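Asker:
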Amino acid sequence: VAFDTTELSLEELMDAYPSGNYRFSGKDVEGTRLFNVVPLSYEFADAVENIFPAEDDIDIPTSGLIVSWELSGEPAAIRVAVENEETGAVVKIDRPGDVMEFAVPEGFLEPGTSYVVDVIAIAENGNLTVNDALFATAE
Numbered sequence: 016v017a018f019d020t021t022e023l024s025l026e027e028l029m030d031a032y033p034s035g036n037y038r039f040s041g042k043d044v045e046g047t048r049l050f051n052v053v054p055l056s057y058e059f060a061d062a063v064e065n066i067f068p069a070e071d072d073i074d075i076p077t078s079g080l081i082v083s084w085e086l087s088g089e090p091a092a093i094r095v096a097v098e099n100e101e102t103g104a105v106v107k108i109d110r111p112g113d114v115m116e117f118a119v120p121e122g123f124l125e126p127g128t129s130y131v132v133d134v135i136a137i138a139e140n141g142n143l144t145v146n147d148a149l150f151a152t153a154e
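For the sequence shown, my numbering assigns the number 16 to the initial residue and increments by one for each residue that follows.
1. Which same chain residues end up closer than 7 Å to SER56 when comparing Cβ atoms and leaving out the 5 residues on each side of it in sequence?
2. Name the residue from ASP61, ALA151 and THR20 whose alpha carbon lies nearest to the alpha carbon of GLU101.
3. Compare the C-alpha of ASN146 against each of PHE59, GLU64 and PRO120 and name the closest.
4. Using a 10 Å radius around the Cβ and a threshold of 16 neighbouring Cβ atoms, would you call VAL132 buried or exposed?
5. Candidates GLY122, PRO126, PHE117 and ASP30: which alpha carbon is nearest VAL134's?
6. Per DSSP, TYR37 is paired with what?
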C-alpha cells in the first residue's frame, strides 16, 4: 500500500504551525509518562555560498583537500560533513561561525569516488541551514 501525501509549502507550514512553544506528551514502551515543551522557530542562519568543491566537480585530488565556503551572514557555528556516497563513511566537525575552511583529513578520500560535502550554518537558536555539493575524486 502506498500513501501519496502533498508536502506543505513553507508558508503553509508556518500557517499551520506558528512559532511558539509546543507541548508533547506520551508514554514509552514501559508505560512511563513523557512530557516536554519544545520551542519552534523559523529563524534561520543565512546559507553559506560558493562551496568548494562545487556541485559536480570532478577529478578532485585525494590529498590536501581544503573545503571552503563564503559566509553570507553571521552564523553562531558551522558544521562541515564530508560523506563517501558509496560506503557512508563520514568525517564531520563543528567549527566557530566565522571559520570558512576545513582540511579533510589525509587518507579519508579514496580515488574515483563520489562524495557529498555539507556545510551547515547553525543559528543561535540551533536551527540549521544546509548547503551541499556532490563531487568526485580523481582516479
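All residues carry an ideal CB built from backbone N, CA and C; glycine is no exception.
These numbers were taken from a predicted model, which means no experiment stands behind them.
Answerer: From the atom records:
1. Taking the sequence shown and counting its residues from 1, one reaches residue 56 at position 41. So the qualifying residues of the chain are SER34, ASN140 and ASN142.
2. The residue labelled residue 101 in the question sits at position 86 within the sequence shown. Ranking ASP61, ALA151 and THR20 by Cα distance to GLU101 puts ALA151 first.
3. Mapped onto the sequence shown, residue 146 falls at position 131. The candidate whose alpha carbon is nearest that of ASN146 is GLU64.
4. The residue given as residue 132 occupies position 117 in the sequence shown. The C-beta of VAL132 has 16 or more other C-beta atoms within 10 Å across all chains shown, which makes the residue buried.
5. By 1-based counting over the sequence shown, the position of residue 134 is 119. Checked all of GLY122, PRO126, PHE117 and ASP30; the closest Cα to VAL134 is PHE117.
6. In the sequence shown, counting from the first residue as 1, residue 37 sits at position 22. The partner list for TYR37 (beta bridge, DSSP) reads VAL53.
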